[in-house]
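Have a look at this one:
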């Protein structure tokens, strides 16, 4: 022992790093170029933390975040497009989360890498979301071959987050070969899901009154597969009856452009029955549309659709983000509330003012 009066205790041993990938996290003092390259390298190597951060940047409204996100997205585009994009929707109570967890585990056990983009409804009053999909899919959330990303819909049409399509591209670049997009529920917004997926799965239940009540013809026409969930126990005969009713209803619809004949199957997510048959149907569908060229054709049409949506969103942001329009908007809103000006005339006047501000630079 040393003769010195100073003695330094070693202290308790340090615990292991909670997240070994923390050193790859985006640092605020990084230049945009360096941050962009960090995200690209992380996504391509399958770094889940950096993938999550990149999606957060996509959803951000800050201009510096948007700049980085756009650069990352462009760099990832050449590595995307190799997944099976599957939209999943259903009536309330159909067990979407339970089904996704059971079916997702079925896929990962077969070697697939699965990304679940779950759209969570935002409150119209508080604008907040629970984002509880990871809690509802606890087993799948702990699967190293699965990535679950709950996203608030923030009031966007049909419960589809505005940046979901871009998130799909990042997930594909990260190596996920199956993408699930779960929607809030049956409604007009399912058109948006259909415009970013290859396969549309409609989840239904039996024993809830009229089997065809509450489901819109347009949604059923988009469905490539209808699954009657909760076909277990005493509900099996009811599920079989519902299957027959829906199958008969599908015969009334015109042929699909893909050449695929939609089917109706029964399954139980709780008992893990019928999942193999569903997977076989999905594989058959993708084999067909890859062979006849429909998959490539559909994705090109989707790209055109999202080009137009991006233009609409950009123009909307320019209008409401313009400082002069922010001043004028409350004035015209008050006139509409007082009844001194109708809504159509107010909108026309505001647009005219906006055109005068921007001129031909719009």
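Numbering (this note's numbering), first residue to last: 0 to 361. Note that CB positions come from ideal geometry on N, CA and C, so glycine has one too.
Is it the case that the Cβ atoms of residue 205 and residue 240 are separated by a distance below 8 angstroms?
For this step, residue 205 is matched to residue 206 along the chain shown. For this step, residue 240 is matched to residue 241 along the chain shown. For the pair residue 205 and residue 240, the CB atoms are nearer than the 8 angstroms cut-off.
Short CB-CB distance (under 8 angstroms) between residue 264 and chain B
You won't find chain B in this structure, because it holds only one protein chain.
Counting only the same chain and skipping the five closest in sequence on each side, list residues whose C-beta sits under 6 angstroms from that of residue 38.
The residue given as residue 38 occupies position 39 in the chain shown. Once the five neighbours on either side are set aside, the close Cβ partners of residue 38 are 49, 53, 71.
Quick check on DSSP: helix, strand or coil for residue 225?
Along the chain shown, one-based indexing puts residue 225 at 226. Correct three-state label for residue 225: strand.
Could you tell me which whole beta strand (DSSP E) segments of length 3 or greater appear in the segment 258–336?
Entirely contained in the segment 258–336, the beta strand (DSSP E) runs reaching 3 residues are, in chain order, 262–265.
Report, in whole angstroms, the separation of the C-beta atoms of residue 95 and residue 89, which I expect to be a contact under 8 angstroms.
As a first step, residue 95 must be located in the chain shown, where it is residue number 96. As a first step, residue 89 must be located in the chain shown, where it is residue number 90. Under the criterion of beta carbons closer than 8 angstroms, residue 95 and residue 89 qualify as touching, at roughly 5 angstroms.
From residue 76 to residue 44, what distance separates their C-alpha atoms?
Mapped onto the chain shown, residue 76 falls at position 77. Mapped onto the chain shown, residue 44 falls at position 45. Approximately 15 angstroms between the Cα atoms of the pair.
Taking the alpha-carbon positions, what's the residue 353 to residue 56 distance?
Stepping through the chain shown from its first residue, residue 353 is reached at position 354. Stepping through the chain shown from its first residue, residue 56 is reached at position 57. Residue 353 and residue 56 have their alpha carbons spaced roughly 29 angstroms apart.
Start-to-end residues for the beta strand (DSSP E) that takes in residue 177
Locating residue 177 in the chain shown gives position 178, where the first residue counts as 1. Residue range 177–181 is occupied by the beta strand (DSSP E) that includes residue 177.
Nearest-angstrom Cα separation, counted from residue 91 out to residue 150
Start at 1 with the first residue of the chain shown, and residue 150 comes out as number 151. Start at 1 with the first residue of the chain shown, and residue 91 comes out as number 92. Take the alpha-carbon of residue 150 and the one of residue 91: they are about 19 angstroms apart.
By the three-class DSSP mapping on this structure, what secondary structure does residue 136 have?
Against the chain shown, residue 136 aligns to sequence position 137. Three-state result, residue 136: coil.
Thinking just about the alpha-carbon of each residue, which of 219, 166, 66, 42 is nearest to the one in residue 253?
Sequence index remark: in the chain shown, residue 253 carries index 254 (1-based). In this structure, 219 is the residue among 219, 166, 66, 42 with its C-alpha nearest to the C-alpha of residue 253.
Residue 67 to residue 31 span [Cα, whole Å]
For the purposes of this step, residue 67 is taken as the residue at position 68 of the chain shown. For the purposes of this step, residue 31 is taken as the residue at position 32 of the chain shown. Distance between the alpha carbons of residue 67 and residue 31: 6 angstroms.
Run through the DSSP bridge pairs and tell me what residue 195 is partnered with.
By 1-based counting over the chain shown, the position of residue 195 is 196. Bridge partners of residue 195: none, in fact.
Residue 189: buried (16+ other C-beta within 10 angstroms of its C-beta) or exposed?
The residue given as residue 189 occupies position 190 in the chain shown. Answer is buried; the Cβ neighbour count reaches 16.
How big is the Cα-Cα spacing for residue 357 and residue 274?
For the purposes of this step, residue 357 is taken as residue 358 along the chain shown, with counting starting at 1. For the purposes of this step, residue 274 is taken as residue 275 along the chain shown, with counting starting at 1. Between residue 357 and residue 274, the alpha-carbon positions lie close to 56 angstroms from each other.
I need the DSSP call for residue 41, collapsed to helix, strand or coil.
The count along the chain shown starts at 1 and reaches residue 41 at position 42. DSSP, reduced to helix, strand and coil, places residue 41 within a helical segment of the structure shown.
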